[in-house]
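Read through the structure below, which is laid out as structure tokens, and then see the notes.
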Amino acid sequence: MTAPEENVTEQAGPPEDQPPAAGSLTNAITALVLLGVGVAAVAASWTLGVGTAREPDSGMWPLLIGVALIVLGAALLAKFRTPSDAERFTRSGWPVLGGLATMVVFVVVLEYVGFEIPATLLCFAWLRFLGRESLRVSIVGSVAVVAVFYAVFVGALSVPIPHLL
Amino acid sequence: MDLTPVLAGFGVVLEPANLLYCLLGVVIGMLIGVLPGLGPAATIAILLPITYGIEPVTAIIMLAGIFYGAQYGGTITSVLLRLPGEASSVVTVFDGHAMARQGRAGTALGIAAIGSFVGGTVSIVALSFLAPVVAGFALDFGPPEYTALALLGILLVSTVSSGNRLKALIAACLGLLLATVGRDGFTAAERFTFDNLSLADGLDFVPIAMGLFGLGEILYNLEQRHRAPDAPVSVANVWPSRSDLKQSSGAIGRGSVLGFVLGILPGGGATLSSLAAYAIEKRRAKDPSRFGKGAVEGVAGPETANNAAATSSFIPLLTLGIPANATMAVIFGALLIQGVTPGPQLVSEEPELFWGVVNSMYLGNILLLIMSIPLVGLFVKILRVRPAVLAPITVLITLVGVYTVNNDVFDIVLVIAFGALGYLMKKLGFDPGPLVLAFVLGSLLEDSLRRSLLIFDGNPAGFFTRPISGVLLAAFLLVALLPVVRSLVRRQRRSRERSSASTRV
Numbered sequence: 001m002t003a004p005e006e007n008v009t010e011q012a013g014p015p016e017d018q019p020p021a022a023g024s025l026t027n028a029i030t031a032l033v034l035l036g037v038g039v040a041a042v043a044a045s046w047t048l049g050v051g052t053a054r055e056p057d058s059g060m061w062p063l064l065i066g067v068a069l070i071v072l073g074a075a076l077l078a079k080f081r082t083p084s085d086a087e088r089f090t091r092s093g094w095p096v097l098g099g100l101a102t103m104v105v106f107v108v109v110l111e112y113v114g115f116e117i118p119a120t121l122l123c124f125a126w127l128r129f130l131g132r133e134s135l136r137v138s139i140v141g142s143v144a145v146v147a148v149f150y151a152v153f154v155g156a157l158s159v160p161i162p163h164l165l
Numbered sequence: 001m002d003l004t005p006v007l008a009g010f011g012v013v014l015e016p017a018n019l020l021y022c023l024l025g026v027v028i029g030m031l032i033g034v035l036p037g038l039g040p041a042a043t044i045a046i047l048l049p050i051t052y053g054i055e056p057v058t059a060i061i062m063l064a065g066i067f068y069g070a071q072y073g074g075t076i077t078s079v080l081l082r083l084p085g086e087a088s089s090v091v092t093v094f095d096g097h098a099m100a101r102q103g104r105a106g107t108a109l110g111i112a113a114i115g116s117f118v119g120g121t122v123s124i125v126a127l128s129f130l131a132p133v134v135a136g137f138a139l140d141f142g143p144p145e146y147t148a149l150a151l152l153g154i155l156l157v158s159t160v161s162s163g164n165r166l167k168a169l170i171a172a173c174l175g176l177l178l179a180t181v182g183r184d185g186f187t188a189a190e191r192f193t194f195d196n197l198s199l200a201d202g203l204d205f206v207p208i209a210m211g212l213f214g215l216g217e218i219l220y221n222l223e224q225r226h227r228a229p230d231a232p233v234s235v236a237n238v239w240p241s242r243s244d245l246k247q248s249s250g251a252i253g254r255g256s257v258l259g260f261v262l263g264i265l266p267g268g269g270a271t272l273s274s275l276a277a278y279a280i281e282k283r284r285a286k287d288p289s290r291f292g293k294g295a296v297e298g299v300a301g302p303e304t305a306n307n308a309a310a311t312s313s314f315i316p317l318l319t320l321g322i323p324a325n326a327t328m329a330v331i332f333g334a335l336l337i338q339g340v341t342p343g344p345q346l347v348s349e350e351p352e353l354f355w356g357v358v359n360s361m362y363l364g365n366i367l368l369l370i371m372s373i374p375l376v377g378l379f380v381k382i383l384r385v386r387p388a389v390l391a392p393i394t395v396l397i398t399l400v401g402v403y404t405v406n407n408d409v410f411d412i413v414l415v416i417a418f419g420a421l422g423y424l425m426k427k428l429g430f431d432p433g434p435l436v437l438a439f440v441l442g443s444l445l446e447d448s449l450r451r452s453l454l455i456f457d458g459n460p461a462g463f464f465t466r467p468i469s470g471v472l473l474a475a476f477l478l479v480a481l482l483p484v485v486r487s488l489v490r491r492q493r494r495s496r497e498r499s500s501a502s503t504r505v
């Protein structure tokens, strides 16, 4: 069975503007991590109790999945030198870490001071630093977005999300 | 066929609230399709929390509208910007954007709207007749049949998903593993909960879907943002000429049938059918070199097929309880949250919901046709909204929205973790679709497998002694082994060619 994607890609040529491909180190680490997850799943399933085919216990199903993960992870590891569709991690990935950090701060601070201040800070950081918007757009935008959120979630929907006001 | 429940379904659709949410769904779907970055699965996942307060039938009507509305919206960016709004519009870029560069953007969009309407409508008519038959047939399904069907579905979704098959299978295994977290349904033993009370009932579907599809996509786009799209081209003469319509009619007819069939199959769906329709149109063309340079059939075929498939993929979901693709898996999750279990009993036990959702699609398709052509100008303006402005709004909707599920901060932690995983998966070439689908089917699969083993007294050969599960498992083995056989044959052929070349020398 030939997947139609293959035909179309063949006919249309490689897509333009592709990010750089990952090297063998990234491929090997990915496969090893997955192998590790498989091994951990097998070990944990074993402690849960596997049972028998006639009376399967809690660990049997996760054990089967763990074994499948080990087999597939090993197959992936065997191909680590082959060029894959993984993308290289470059400096352009820093904003992603920045974005994740803003969300972590949001969730940590939320329970102490409510959602208004962390939400405004998150919006401002995304607009100003990650989105490179002007200072005026960033300030007005972040305050306006949080005001609308307050009106919808707290005012209209009465969601019991921690809030200051 | 008893028409009473069908007519009652129209009564459900024509209720003002349902009409409004159908319109809302179609408009949101079109907008989301227009905005590159978030696909229908992500949008539906992000909007899940707002459906809690709505009646189940109304919520599903809206979510279905988002799904098929997005199929058309994606066309607009494909044609005008060379940037597919979502995966099923990728092939439309080839000829749609070439037509736009020739000043025929309006024609491309017009043909896409007409094709979408025809494909969608043909598919709904077929769905109305076929779904009750499938549901009746599925009433005989027991645990062995469900085990085989779920296995085949997961394998097919992994096999035909975009990208590397091995990685898709790994993603599916991860999804199955995540589904085991929580109390075992048979023994009540806690599995992989790490003594965390929030995990005792298992992982919630909503943070997983919202994180992997929604946040993962936003984080990935954050990194890709420097790749600037082309400037939008102008749109004029949206109505296609008679010769364009004549040239496209065959492609629209073929696209309708192909899309309907591929939409039903597990692993099929809008993306696969649009790719297949393009390949077929190019193969059938007298002059295939026109393709990629503005062939109107290259827009008509895929656009018809993706709408037909979007509609027909509701058949396995509503009648068997097996989602055919990732977006259907999200809608499956939405149904479960609403207390509705999709399956063969749905048609007989909840006819109002079933026929209400099916019949809403007739209306939704008409709304799409009416709105798509006059609103093209508005959508072009929406395209000017910067992703930098949209991203923080979407992030906040996700974070606050997921909190509303259980009013638990732990869900926000989960959505962030799955967002990071979604980003990593995209970077490393793993499709999150098979993971989400396998997660959704995981408990059904484990439950059916264990029940089957009890029925068969521990003998797995029992699966092959029942006709339906036997055929399904034979299909599973065929699909699983085919790539291995193909690579063996290829290797043998290569070694034969090498040896014959060396004897010639």
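Chains A and B supply the protein sequences, listed in that same order.
Going by full-length UniProt numbering, the first residue of the first sequence is number 1, and it counts up by one from there.
Going by full-length UniProt numbering, the first residue of the second sequence is number 1, and it counts up by one from there.
Each residue gets a CB set at the ideal place from its N, CA and C atoms; glycine is no exception.
None of these values were measured; they are calculated from a predicted model.
{"Item": "Stretch-stretch touch, CB-based, cutoff 8 Å, three pairs: the region 446-462 of chain B with the region 41-60 of chain A", "Value": "yes"}
{"Item": "Any chain B beta carbon closer than 8 Å to V50(A)", "Value": "no"}
{"Item": "Identity of the residue in T465(B), M425(B), R284(B) and L363(B) nearest V118(B) by Cα", "Value": "L363(B)"}
{"Item": "Under 8 Å by beta carbon: chain A residues contacting K293(B)", "Value": "Those do not exist, as K293(B) stays about 12 Å from chain A at its closest Cβ, beyond 8 Å."}
{"Item": "Residues in the region 448-459 of chain B having any Cβ partner in chain A nearer than 9 Å", "Value": "L449, R450, L453, L454, F456, D457, G458 and N459"}
{"Item": "Chain B contact for L121(A) (CB, 8 Å cutoff)", "Value": "no"}
{"Item": "Neighbourhood of R450(B) by C-beta, 7 Å cutoff - its chain only, sequence neighbours within 5 removed", "Value": "F186"}
{"Item": "Contact check, G73(B) vs L7(B), beta carbons under 8 Å", "Value": "no"}
{"Item": "DSSP three-state assignment for P56(A), whether helix, strand or coil", "Value": "strand"}
{"Item": "heavy atom of the ligand MG below 7 Å from E190(B) C-beta", "Value": "This structure simply doesn't include the ligand MG, nor any ligand for that matter."}
{"Item": "Chain-ordered neighbours of R466(B) on chain A, where CB pairs are closer than 9 Å", "Value": "Here the premise fails: no neighbours, minimum Cβ distance about 17 Å."}
{"Item": "Rounded distance between the beta-carbons of M328(B) and Y68(B), thought under 8 Å", "Value": "No, Y68(B) and M328(B) are not in contact; Cβ-Cβ is about 12 Å, not under 8 Å."}
{"Item": "Residue from L14(B), G333(B), I322(B) and T193(B) with nearest C-alpha to Y52(B)", "Value": "G333(B)"}
{"Item": "For L63(A), the nearest candidate out of F94(B), V181(B), V395(B) and R386(B) (CA to CA)", "Value": "V181(B)"}
{"Item": "Cβ-based burial, K427(B) [other Cβ within 10 Å; buried from 16]", "Value": "buried"}
{"Item": "Proximity of S448(B) and T147(B) at Cβ, strictly below 8 Å", "Value": "yes"}
{"Item": "V380(B): first and last residue of the uninterrupted alpha helix (DSSP H) it sits in", "Value": "V376 to I382"}
{"Item": "Residue from L109(B), I61(B) and V91(B) with nearest C-alpha to V376(B)", "Value": "L109(B)"}
{"Item": "Interface flag, C173(B) vs chain A, CB-CB below 8 Å", "Value": "yes"}
{"Item": "Min CB distance L110(A) to chain B below 8 Å", "Value": "yes"}
{"Item": "Nearest to L81(B) (by Cα), restricted to the options T107(B), V122(B) and V34(B)", "Value": "V34(B)"}
{"Item": "Cβ pair D411(B), Y423(B) closer than 8 Å", "Value": "no"}
{"Item": "I366(B) versus G99(A) - alpha carbon distance", "Value": "40 Å"}
{"Item": "Neighbouring residues, chain B, relative to P160(A) (Cβ below 7 Å)", "Value": "N407"}
{"Item": "Residues bridged to E190(B) [DSSP beta-bridge criterion]", "Value": "R183(B)"}
{"Item": "Residues of the region 358-381 of chain B whose Cβ lies closer than 8 Å to any Cβ of chain A, in chain order", "Value": "none"}
{"Item": "Under the three-state DSSP convention, the category E87(A) falls into", "Value": "strand"}
{"Item": "Proximity test, Cβ basis, 8 Å: K286(B) and chain A", "Value": "no"}
{"Item": "Residue burial classification, K293(B) (beta-carbon count within 10 angstroms, cutoff 16)", "Value": "exposed"}
{"Item": "Inter-stretch contact at 8 Å, needing at least 3 Cβ pairs: the region 465-473 of chain B / the region 128-146 of chain B", "Value": "yes"}
{"Item": "Rounded C-alpha distance that separates V125(B) from L23(B)", "Value": "20 Å"}
{"Item": "Meets three-Cβ-pair contact criterion under 8 Å: the region 300-310 of chain B and the region 272-280 of chain B", "Value": "yes"}
{"Item": "Integer Cβ distance of G93(A) from E145(B), believed to fall under 8 Å", "Value": "Rounded, the Cβ-Cβ distance is 46 Å, inconsistent with contact."}
{"Item": "Helix, strand or coil at A21(A) [DSSP, three-state]", "Value": "strand"}
{"Item": "Cβ-based contacts, 7 Å cut-off: residues of the region 428-447 of chain B near chain A", "Value": "L428, G429 and E446"}
{"Item": "Cα-Cα separation between D2(B) and V347(B), rounded to whole angstroms", "Value": "12 Å"}
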